[in-house]
Ligand SMILES: Nc1ncnc2c1ncn2[C@@H]1O[C@H](COP(=O)(O)OP(=O)(O)OP(=O)(O)O)[C@@H](O)[C@H]1O
Ligand SMILES: [Mg+2]
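Protein chains in written order, with the working numbering: chain A, 927 to 1216; chain B, 419 to 668.
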């Protein structure tokens, strides 16, 4: 039982991290809360499905195409849905949420709601860890979560674009005065956020079917992890994913799986009331206001 | 070109009902140092924000080396070689001091100057910090900007601008908040930069230091230019005495 909780806790935490990472990256860089994040996650799940099943594109090429298109989609979405309302937080949320609902309900209207809509795993089969069976897909999810965090670290520390991301995040006006185009960086941050969402969908969606509801759930996950973790610290996000991921598994085992979703909502409320900047977040805006 | 390095023509800007800048014009020749003085709220920072693209003027033009740069976005103006410090220091708080210079050292502008020198950006950054008075062999250049004393942050602002290899450097109250000895150590740095060919604009409340190094001074009051001339002339100007020096001694 304990091994099971540890293994499935890790898997669940990795899923949460994968789903939330893009949302938090975008917000951390440009303070844009992209409420279309969950819809983008589902959109590229469906597109991947279409590539594989309708267009018969080879698997690896379909992955590549999905990643590239999701990046482009995010970039364009910034200019279409966010740019004109940039800085007006409520309008940003309304605008991106409307975009998200539009995408999700479009697929519902198209009839993409049956169990045939599922993605194949990267690798079929399973193996045993400490006598406990785990399928390759879930193992890949854990490795991918670790890999993506490592990528993010190196990207933001050793590449020009990554450094621009951090500069904009820490002080937008200074970054502009040093020749950084804040608009372009914001668009790129949404692009990266979308690409991360599509990575999550390619890895996580094969565990079940692609459903409209999981788009709304993905947004909830992103918000919960972001708020619990503090939205702009990678260690915070990892910690939040672990806490939420394990609490859910424990609740699922000892209480009831019906309560699993409640964990997100409770966590959001408790954290907002008790420590509004998250477990490891800092209230940077305060310094900014001086 | 040397004559009209920077030309500001009939620039105005209002915030709501407040005329922060009204119809201000001046010009600046290359390799000179212009001082801008005036009481609090006179519009000095607003004028700088207009020149550097952070605020669009309601009317008027800004011409840099013959190009009309009015209303260009700030990052483009920075790329053209106008660097500025902020009156309220704006470091990248969660980066070490020397990493604060990495952003400008990565910029298009600097890359075109430095060719392929890819690996030694950190060294260049430390060199620049040393130039503005960070102790090279101490831990100071490696400390997070959030833990540096204010005087260092002021000099970090300066170093960050220098990293951009600007042609025009605008310093918004660089000396305020610095100790006497820090000011004394910074003045020669500015003189050296000018000797090396840089053109500078300094907004200052520390008139004694400014008047010693400025070639020309303009005086703003309630958004209007009320005087312009050599420091020695400006000191004698009656309007200035009333508006500025009077206000200060009151
Ligand atoms: N973004 C803004 N929005 C509204 N009003 C502004 C803004 N920026 C400046 N002002 C107003 O414009 C006027 C000029 O301000 P500015 O900061 O340019 O003065 P300053 O000469 O730099 O003063 P100080 O010596 O205190 O720095 C002030 O009345 C100020 O309140
Ligand atoms: Mg000012």
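Think of the CB as a built atom: it goes at the ideal place given N, C-alpha and C, for glycine as much as any other residue.
None of these values were measured; they are calculated from a predicted model.
In the DSSP assignment, what are the bridge partners of residue 934 of chain A? In the DSSP output, where bridge partners are listed per residue, residue 934 of chain A has none listed.
Can you say whether residue 451 of chain B is buried or exposed, counting buried as having 16 or more other CB atoms within 10 angstroms of its CB? buried
By the criterion of Cβ-Cβ separation under 8 Å, what are the contact partners of residue 1160 of chain A in chain B? In chain order: nothing, as chain B lies at least about 12 Å away.
Taking the CB atoms as reference points, tell me whether residue 547 of chain B and residue 572 of chain B lie closer together than 8 Å. no
Which residues in chain A sit within 7 Å of residue 525 of chain B, going by Cβ to Cβ distance? 1104, 1105
Is residue 559 of chain B helix, strand or coil by DSSP? helix
Along the chain, where does the alpha helix (DSSP H) containing residue 1026 of chain A start, and where does it finish? 1015-1035
Rounded separation between residue 968 of chain A and residue 1079 of chain A - CA only: 26 Å
Quick check: what's the CA-CA separation for residue 1017 of chain A versus residue 997 of chain A? 23 Å
Could you work out which residues of chain A lie near residue 492 of chain B, taking near to mean beta carbons separated by less than 7 Å? 1102, 1103
Residue 1099 of chain A touches chain B at which residues, Cβ-Cβ below 9 Å? 472, 492, 504, 508
Is the closest heavy atom of ligand 1 to the C-beta of residue 460 of chain B under 7 Å? yes
Check distances from the C-beta atoms of the stretch 1156-1187 of chain A to those of chain B and list, in chain order, the residues that come in under 9 Å. none
Is the beta carbon of residue 593 of chain B within less than 7 Å of some heavy atom of ligand 3? Only ligand 1 and ligand 2 can be found as ligands here, which leaves ligand 3 out of the picture.
Report yes if the C-beta distance between residue 424 of chain B and residue 482 of chain B is below 8 Å; otherwise report no. yes
Using 8 Å as the threshold, is the stretch 1041-1058 of chain A in touch with the stretch 1103-1123 of chain A, meaning 3 or more CB pairs across them? no
With C-beta atoms as the reference, is residue 1019 of chain A less than 8 Å away from residue 1070 of chain A? no
Give the secondary structure of residue 961 of chain A by DSSP, where H, G and I count as helix, E and B as strand, and everything else as coil. coil
Quick one: does residue 1089 of chain A have its CB under 8 Å from some CB of chain B? yes
Counting only beta-carbon atoms, is residue 1093 of chain A nearer than 8 Å to chain B? yes
Can you confirm whether the stretch 594-606 of chain B touches the stretch 461-468 of chain B when touching is taken to mean that 3 or more C-beta pairs between the two stretches lie within less than 8 Å? no
Indicate, with yes or no, if ligand 2 has a heavy atom lying under 7 Å from the CB of residue 590 of chain B. yes
Please state the DSSP three-state secondary structure of residue 1084 of chain A. helix
Do the CB positions of residue 512 of chain B and residue 557 of chain B come within less than 8 Å of each other? no
When you compare the CB positions of residue 488 of chain B and residue 589 of chain B, do they come within less than 8 Å of one another, or not? no
Less than 8 Å between the CB atoms is what I'm expecting for residue 1075 of chain A and residue 1160 of chain A, so what's the real figure, rounded? 6 Å
In whole angstroms, what separates the C-alpha of residue 986 of chain A from that of residue 978 of chain A? 10 Å
Rounded straight-line distance, which links the Cα of residue 1101 of chain A to that of residue 625 of chain B: 30 Å
Nearest residue (CA-CA) to residue 974 of chain A, options A/1198, A/1139, A/1148, A/1043: A/1043
Helix or strand or just coil, what does DSSP make of residue 1054 of chain A? strand
Between residue 503 of chain B and ligand 1, is there a pair consisting of the residue's CB and a ligand heavy atom that are separated by less than 7 Å? no
Tell me which same chain residues have a C-beta within less than 6 Å of the C-beta of residue 621 of chain B, skipping the five on either side of it? 454, 462, 590, 591
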